[in-house]
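Read the structure below first, then the notes.
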Amino acid sequence: MHWKPFRGGTHPNPAKRTAGLAIEVVPPPGKVIIPLQQHIGAPCKPLVKPGDEVLTGQVIGEPGGFVSAPIHASLSGKVAAVAPMPTYTGQEVLSVVIDSDGRDQKHPDLTPHHTWEQASSKQIVDWIKECGLVGMGGAGFPTHVKFAPPADKPIEAVILNGAECEPYLTCDHRVMQERADKVVLGLRAFMKAVNAPAGFIAIEDNKADAIDRLTRVTASLPQIKIVRLHTRYPQGEERLIIKAILNREIPRGGLPADVGAIVSNVSTAATFADFLLTGRPLIQRIVTITGSGIVNPKNLEVRIGTLLEDAARYCGGLQDNAAKLIVGGPMTGPSYYDLAVPIMKATAGLVVLTEAEARKLEPIACVSCGKCVEACPYGLLPNFLGKYAELGRIADAEKTGLMDCRECGCCSYVCPSRRPLLHAIKSAKAEVAARRRKG
Numbered sequence: 101m102h103w104k105p106f107r108g109g110t111h112p113n114p115a116k117r118t119a120g121l122a123i124e125v126v127p128p129p130g131k132v133i134i135p136l137q138q139h140i141g142a143p144c145k146p147l148v149k150p151g152d153e154v155l156t157g158q159v160i161g162e163p164g165g166f167v168s169a170p171i172h173a174s175l176s177g178k179v180a181a182v183a184p185m186p187t188y189t190g191q192e193v194l195s196v197v198i199d200s201d202g203r204d205q206k207h208p209d210l211t212p213h214h215t216w217e218q219a220s221s222k223q224i225v226d227w228i229k230e231c232g233l234v235g236m237g238g239a240g241f242p243t244h245v246k247f248a249p250p251a252d253k254p255i256e257a258v259i260l261n262g263a264e265c266e267p268y269l270t271c272d273h274r275v276m277q278e279r280a281d282k283v284v285l286g287l288r289a290f291m292k293a294v295n296a297p298a299g300f301i302a303i304e305d306n307k308a309d310a311i312d313r314l315t316r317v318t319a320s321l322p323q324i325k326i327v328r329l330h331t332r333y334p335q336g337e338e339r340l341i342i343k344a345i346l347n348r349e350i351p352r353g354g355l356p357a358d359v360g361a362i363v364s365n366v367s368t369a370a371t372f373a374d375f376l377l378t379g380r381p382l383i384q385r386i387v388t389i390t391g392s393g394i395v396n397p398k399n400l401e402v403r404i405g406t407l408l409e410d411a412a413r414y415c416g417g418l419q420d421n422a423a424k425l426i427v428g429g430p431m432t433g434p435s436y437y438d439l440a441v442p443i444m445k446a447t448a449g450l451v452v453l454t455e456a457e458a459r460k461l462e463p464i465a466c467v468s469c470g471k472c473v474e475a476c477p478y479g480l481l482p483n484f485l486g487k488y489a490e491l492g493r494i495a496d497a498e499k500t501g502l503m504d505c506r507e508c509g510c511c512s513y514v515c516p517s518r519r520p521l522l523h524a525i526k527s528a529k530a531e532v533a534a535r536r537r538k539g
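Quick look at the structure:
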């Protein structure tokens, strides 16, 4: 299946030099720092204290609410500290520091669920929560919440997002190529969780090898279709994927379940398949360590809590002219100044740019060219949103669709005046969210 592209968007340099590099499994590090909030929603409450011995896969963080997900020890050893620690989000988060004992001894409760096809839908949703599963494509939303829609909103389709439209990142591409069986098994389990009759795997057409591999794996599964999407950023945004595949538009302020769909990431599905096959929760993930500022870019499988500096060191370290660190993709990922922070459940990669690539050009006044409006996939007016945000006219920004922005960054990317539109819009959205929390 091949679908027409959406309006707007852009074509940044893909820079996917690691697309052909197989996943390398990194041995467990000597120490991990595991934040107790790696997801949207309530932080976890610590279940361990300094001096405790823990086993690989043991629950060390108890969910603090329904919109939360348990957190597990990613290796065995001794708890060195439970204290606030910096993260690449710019916030300090209560974290569990574990010194490895070098044994990687697994917790005895990690048992497989080979008979999952005979399980009830509720049991599968319970397992999704037990796994500690969150969206691994960047958002980090607890997956069990997605798969518990209201009873009056039946789910007709589960869609796996394999677009991976962010430049540089190739971790999802490698998962689809190397672990296609697990991607499909995870999708089948997700479909069973909500009794969805149809499943789709959406992949941009610049990943022909992944499309071919998954087409072969699903050849005997008529309920699952592989959808070839045109390569254009931000094709991976769930609203655009739903529109492309189901030709349905999520209402303003609505959710995918409002149109009978759930969208999840291919790596999220593969991780749940691992849980069903081995009992192993979300304690490791694939990340892409890349950019001209990295000596040997790679796709790595690392334990959650591994420091970015350890992952970069495994790739030969930084080039002498490395100048900028971006966690995730360059279109939406945050910049950070230090690699001594942990990889989390939703960390898709690290992009290191050189001095020449990172040279910041000073913004100038808006020239009213309209390129940002043309590029916005959601039909918004980023020029006005940016101006209102900069002037503190937040109410006007709200009326102009501020909260409908999906923060894809197309507006900033195409702006010839180099205006920091996305930054201004994010700041305004944060102010609105803070006001709403206060009531």
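Going by my numbering, the first residue of the sequence shown is number 101, and it counts up by one from there. Cβ atoms here follow ideal geometry from the backbone N, Cα and C, with glycine treated the same way.
Inside the stretch 258-336, DSSP marks whole beta strand (DSSP E) runs of 3 or more residues at positions 298-304 and 324-329, from first to last along the chain. DSSP, reduced to helix, strand and coil, places residue 185 within a strand of the structure shown.
In the three-state DSSP reduction, residue 486 falls in the helix class (H, G or I).
Ranked by how close their Cα comes to the Cα of residue 517, the residues 463, 308 and 440 have 463 in first place. The continuous alpha helix (DSSP H) containing residue 225 extends over residues 221-230. By alpha-carbon distance to residue 438, the top candidate from 534, 445, 431 and 423 is 423. Around the beta carbon of residue 524, 16 or more other beta carbons sit within 10 angstroms, so the residue counts as buried.
In the structure shown, residue 418 adopts extended strand secondary structure according to DSSP, grouped into three states. Within the model, the alpha-carbon separation for residue 109 versus residue 154 is close to 47 angstroms. Within the stretch 118-160, no run of alpha helix (DSSP H) reaches 4 residues while sitting entirely inside it. Listed in chain order, the non-local C-beta contacts of residue 118 below 6 angstroms within the same chain comprise 270, 388, 390, 397 and 399, local neighbours out to five positions each way being set aside. Taking 7 angstroms as the cut-off, the Cβ atoms of residue 176 and residue 134 do not count as close. DSSP places residue 374 within a helical segment (H, G or I) once states are collapsed to three. Counting C-beta atoms within 10 angstroms of its own C-beta, residue 408 has 16 or more neighbours from the protein chains shown and is therefore classed as buried. A distance below 7 angstroms separates the beta carbons of residue 506 and residue 337. Cβ contact annotation for residue 405 (same chain, cutoff 6 angstroms, sequence separation greater than five): 132, 133, 134, 174 and 442, in chain order. Taking a cut-off of 8 angstroms on C-beta distances, the stretch 157-168 touches the stretch 189-209, as three or more cross pairs fall below it. In the structure shown, the three-state DSSP call for residue 536 is helix. Comparing alpha carbon positions, the residue from 115, 114, 123 and 416 closest to residue 402 is 123. Assignment of residue 172 by DSSP, reduced to helix, strand and coil, places it in the strand class.
Put simply, the backbone Cα of residue 232 is about 22 angstroms away from that of residue 355.
For residue 126, same chain residues with a beta-carbon under 6 angstroms away, outside a window of 5 residues either side, are 400, 402 and 414 in chain order. Distances from the alpha-carbon of residue 470 to those of 478, 457 and 484 put 484 closest. DSSP places residue 413 in the helix class (H, G or I) of the three-state scheme.
Excluding residues up to 5 positions away in sequence, 141 and 142 lie with their Cβ nearer than 8 angstroms to the Cβ of residue 165 in the same chain.
Taking a contact to require three or more Cβ pairs closer than 8 angstroms, the stretch 209-220 and the stretch 260-279 do not qualify as touching.
Between residue 315 and the set 283, 188, 111 and 223, the nearest pair of CA atoms involves 283. Annotation for residue 149: 179 and 182 place their beta carbon closer than 8 angstroms to its own, counting only its chain and skipping 5 residues before and after.
Here DSSP, grouped into helix, strand and coil, assigns residue 352 to coil. The criterion of a C-beta distance shorter than 7 angstroms is satisfied by residue 261 and residue 341. Assigned with DSSP and collapsed to three states, residue 385 falls in strand. Shown here for residue 350: same chain residues with a beta carbon closer than 7 angstroms to its own, the five before and five after excluded, namely 339, 342, 356, 358 and 359 in chain order. Excluding its 5 nearest sequence neighbours in each direction, residue 248 has C-beta neighbours in its own chain below 7 angstroms: 225, listed in chain order.
Contact check for residue 521 against residue 511 passes: the beta carbons are separated by less than 7 angstroms.
CA-to-CA, the gap between residue 311 and residue 275 works out to about 12 angstroms. In the structure shown, residue 425 falls within a strand segment according to DSSP collapsed to helix, strand and coil.
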